[in-house]
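Accompanying notes for the structure given below.
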Amino acid sequence: MRSQQTNRSFTKSKRNPLDGSPQDGGVSHLSIHRRLSRLLKRETWEAYLFLSPSLIGLLVFTLLPVAAVAVLSFYDWGLISDPHFIGLQNYTKILQNPVVSHSLIVTCWFMVLNIPLQLILAMALAMLLNRKLPGVGLFRVLYAVPWMATPIALGIVWQWIFDPSYGALNNFLAIFGIHNIQWLSSQQLALPSIAGVTIWQSVGYSMLFLLAGLQGIPEYLYESAEIDGASPISTFFTITLPLLNPTLFFVLVTEVINSFQIFDIVYAMTKGGPGDSTNVFTFYIYRQAFEFFHTGYAAALSMVLFLILIVVTLAQALYFRKRIVYDIS
Amino acid sequence: MAVLSEPQRISQRRRFLQRIPGYVIWYVVMIIGAFISIFPYLLALLTSLKPRNQIFSSSPWSLPQPFTWQNYLDVLQKNHFVDAIFHTMIYATFVTIGQIIFSTLAAYAFARMRFPGRDTIFWLYLATMMVPNIVTLIPLFILVKNLGWIDSYLGLIIPNLFGTPYGIFLMRQFFLAIPADLENAARLEGANTLQIMWEIILPLSRPIIATLGIITAVNTWNDFLWPLIITYSDDVKVLTVSIGAFQSLHNAEWNLMMAATFIILGPLLILYFVFQKQIVRSIHLSGFK
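Protein chains in written order, with the numbering used here: chain A, 6 to 334; chain B, 4 to 292.
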């Protein structure tokens with residue numbers, strides 16, 4: 006890339022001498038150098054011009070807000086009253102508040118219910134769909150349909166499916182003599198039900214990623230494994246899984262970040278209830294900020310979420326860096 | 004093709020026959036799975052075409068008797084749903100156009116130009132992809148409030164207009180794969196950067212622009228949290244917020260609720276089947292390296 010750029014400017018000064026300053030013929034080292042640096046300056050100027058809209062957007066609508074939320078987290082502010090500095094009090098309040106820790110536990114529990122099962126299902130589907138049979142393309146498309154659906158609308162559709170008296174799920178279970186399960190109004194089942202909807206929505210998307218990863222594994226590895234008489238199970242653990250590690254990592258990080266941010270489906274299906282059983286962290290922050298207007302406190306909560314996500318992402322990156330050792334390019 | 008000897012051919016045939024049960028099981032599993040992934044759509048559509056009393060008197064899978072469009076008419080006539088469709092389209096159109104223009108410009112700079120700080124700035128973009136929406140939500144709300152943009156298109160659109168790190172990343176990946184020779188040749192002919200972008204890069208980038216456009220349009224169509232906090236009047240309310248409000252009014256009137264949800268989900272379904280190639284492409288580009 007770099008050498009290409011340099012090359013281009015050199016060719017230009019050789020073949021197009023009139024383009025430069027009047028006295029120079031593109032021969033002497035000095036003039037080439039000067040022309041090059043002028044070109045680079047022009048390129049820099051142009052590059053920043055191209056970048057400026059998105060850079061301004063990034064500064065004003067992402068970086069500035071991140072800084073602002075950090076500052077706000079040290080203030081007591083209810084949007085209407087004047088903000089006043091209270092130091093770390095919001096954070097001590099967070100540490101002491103059992104609702105916060107409960108909400109974090111709910112979020113973690115949601116991830117435990119959602120992510121492992123989703124990854125296993127997505128992996129199984131990807132392997133099932135990684136073959137050349139008629140109709141396989143159609144199945145790939147069908148499995149990813151829910152990925153694009155509007156979460157708030159989906160939540161409502163699933164509420165109907167989960168309806169204890171008239172819904173499709175209990176109607177189906179009645180065949181097996183199971184009746185009247187309160188999916189969304191029981192404290193034990195509400196969160197698993199939401200996790201189920203999340204799995205249903207994202208498994209096809211994760212599958213497409215893993216499938217793309219599987220298709221990137223060269224065929225000859227499997228062929229030689231077969232010649233060596235390796236069993237399908239050992240082939241899976243010695244070839245497929247290690248080579249799929251980067252893809253798995255990507256999907257895992259995406260899923261963890263998404264799970265921490267689940268909001269729409271909770272809003273549509275349970276509004277955090279029954280009790281506090283589905284009061285996930287994002288929902289709790291939303292309520293504190295936009296229903297009770299505890300702006301400073303909600304800002305501190307956002308900071309906590311942000312820090313958790315940074316730590317989780319770094320931990321995952323470190324863990325996988327140790328394990329991603331295979332490079333077959 | 005190699006000629007097979009008689010015993011080889013027989014053994015091949017036997018192998019195929021042995022695999023038939025496997026194929027059958029595979030198709031059965033796949034069809035069940037496919038049904039699971041699309042049945043909520045079918046159920047929503049079916050329910051939305053039933054009269055109200057049928058919801059509580061027969062199985063959820065029963066066919067509509069009589070078949071009726073009344074639920075859709077009711078939903079569209081009440082609650083400013085038609086307006087909400089219009090508002091959502093405006094929102095999605097502007098954000099998509101902005102995303103395409105500004106992401107393309109920035110991505111081109113990252114992929115093709117040399118300037119001090121390039122790698123640092125790119126790294127910064129990637130890092131901000133991990134900032135959760137909810138973290139910036141409160142300050143953004145305050146900012147928009149101070150600008151006087153609450154409950155207006157400006158407040159809805161402007162914060163989402165300038166391109167996302169994801170969009171820039173996606174476009175950059177695509178640009179990096181375009182050979183630089185064409186641009187170099189054009190430069191020798193004396194073309195400037197904008198001409199090069201317009202006449203060389205853009206025609207080659209149609210597929211990725213389609214991909215980014217569809218993904219952005221869908222995400223904006225689906226967006227709920229930002230419109231929820233930034234709009235409250237019927238003059239700018241989008242579909243997702245309307246359906247949230249509709250839900251609290253018509254809770255358990257499933258025939259109406261399903262008509263309302265299908266007004267949101269149906270267009271996405273069509274879009275998905277028409278553009279699935281473009282949509283799947285985003286996965287191949289964003290997952291790796």
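Even for Gly, the Cβ is constructed at its ideal location relative to N, Cα and C. These numbers were taken from a predicted model, which means no experiment stands behind them.
Between residue 173(A) and residue 64(B), is the Cβ-Cβ spacing less than 9 Å?
Yes.
Would you kindly work out how many angstroms separate the C-alpha atoms of residue 96(A) and residue 108(A), rounded to a whole number?
15 Å
Kindly indicate which three-state DSSP category residue 235(B) falls into: helix, strand or coil?
coil
Roughly how many whole angstroms lie between the Cα atoms of residue 272(A) and residue 227(B)?
10 Å
Going by DSSP in three states, residue 38(A) sits in which element: helix, strand or coil?
helix
List, in order along the chain, the chain B residues whose C-beta lies closer than 8 Å to that of residue 163(A)?
43
Can the beta-carbon of residue 49(A) be found less than 9 Å from the beta-carbon of residue 261(B)?
no
Since residue 266(A) meets chain B, which of its residues come closer than 8 Å, beta carbon to beta carbon?
135, 136, 137
Hey, quick one: how far does the alpha helix (DSSP H) through residue 138(B) stretch, first residue to last?
136-149
Spatial distance of residue 172(B) from residue 186(A) (CA atoms)
46 Å
Taking only beta-carbon atoms, is residue 287(B) less than 9 Å away from chain C?
This model lacks chain C altogether, as its protein chains are A and B.
Chain-ordered chain B contacts of residue 1(A) [CB-CB under 8 Å]
No answer is possible for residue 1(A): the residues shown for chain A start at 6 and end at 334.
How should residue 245(B) be labelled, buried or exposed, when 16 other C-beta atoms within 10 angstroms of its C-beta is the threshold for buried?
buried
Proximal chain A residues relative to residue 155(B), where beta-carbon distance stays under 8 Å
Simply none; closest approach about 16 Å.
For residue 205(A), which residues from the same chain have a beta carbon less than 7 Å from its beta carbon, with the 5 sequence-adjacent residues on both sides left out?
151
Can you list, in chain order, the residues of the stretch 254-268 of chain B whose Cβ is nearer than 7 Å to any Cβ on chain A?
257, 260, 261, 264, 267, 268
Tell me the rounded alpha-carbon separation between residue 216(B) and residue 102(B).
8 Å
Where does the unbroken alpha helix (DSSP H) through residue 158(B) begin, and where does it stop?
In this chain, the alpha helix (DSSP H) harbouring residue 158(B) covers 156-160.
Contact set for residue 70(B): own chain, Cβ-Cβ below 7 Å, skip 5 residues either direction
52
Say whether chain A places a C-beta atom closer than 9 Å to the C-beta of residue 29(B).
The beta carbon of residue 29(B) falls within 9 Å of a beta carbon belonging to chain A, placing the residue at that interface.
How many Å lie between residue 160(A) and residue 247(A) at the Cα?
Distance between the alpha carbons of residue 160(A) and residue 247(A) is about 36 Å.
State the Cα-Cα distance for the pair residue 109(B) and residue 12(B), rounded to the nearest angstrom.
59 Å
Tell whether a beta-carbon distance below 9 Å holds between residue 222(A) and residue 245(A).
yes
Cut-off 6 Å between Cβ atoms - residues of its own chain near residue 325(A), not counting five sequence neighbours on either side:
Non-local beta-carbon contacts of residue 325(A) in its own chain, meaning distances under 6 Å to residues more than five positions away in sequence, involve 254 in chain order.
Keeping to the same chain, check which residues put their C-beta closer than 7 Å to that of residue 80(A); ignore five residues upstream and five downstream.
88, 89, 90, 91, 301
Given this structure, state the Cα-to-Cα distance separating residue 41(B) from residue 250(A), to the nearest angstrom.
30 Å
Which first and last residues belong to the alpha helix (DSSP H) in which residue 261(B) is found?
257-277 is the extent of the alpha helix (DSSP H) around residue 261(B).
Whether residue 116(A) touches residue 215(A) by CB criterion (9 Å):
no
Please find out if some non-hydrogen atom of the ligand SAH comes closer than 8 Å to the beta-carbon of residue 237(B).
With respect to the ligand SAH, the structure offers nothing, as it holds no ligand at all.
Supposed close pair residue 77(A), residue 88(B) - CB separation, criterion 8 Å
Contact flag wrong, Cβ pair sits at about 36 Å.
Quick check: what's the CA-CA separation for residue 36(B) versus residue 279(B)?
19 Å
Throw me the rounded Cβ distance for the residue 286(B) and residue 213(A) pair, which I believe falls under 8 Å.
5 Å
Using a Cβ cut-off of 8 Å, pull out every chain A residue sitting near residue 71(B), in sequence order please.
Correct list: empty, because the minimum Cβ distance to chain A is about 18 Å.
What distance in whole Å lies between the Cβ atoms of residue 70(A) and residue 274(B), which are believed to be in contact at a cut-off of 8 Å?
With a Cβ gap of about 31 Å, residue 274(B) and residue 70(A) do not count as contacting.
What residues from the stretch 109-133 of chain A come within 8 Å of chain B, judged by C-beta to C-beta, listed N to C?
Residues of the stretch 109-133 of chain A whose Cβ lies closer than 8 Å to any Cβ of chain B, in chain order: 130, 133.
Backbone CA spacing between residue 118(B) and residue 168(B) [nearest angstrom]:
19 Å
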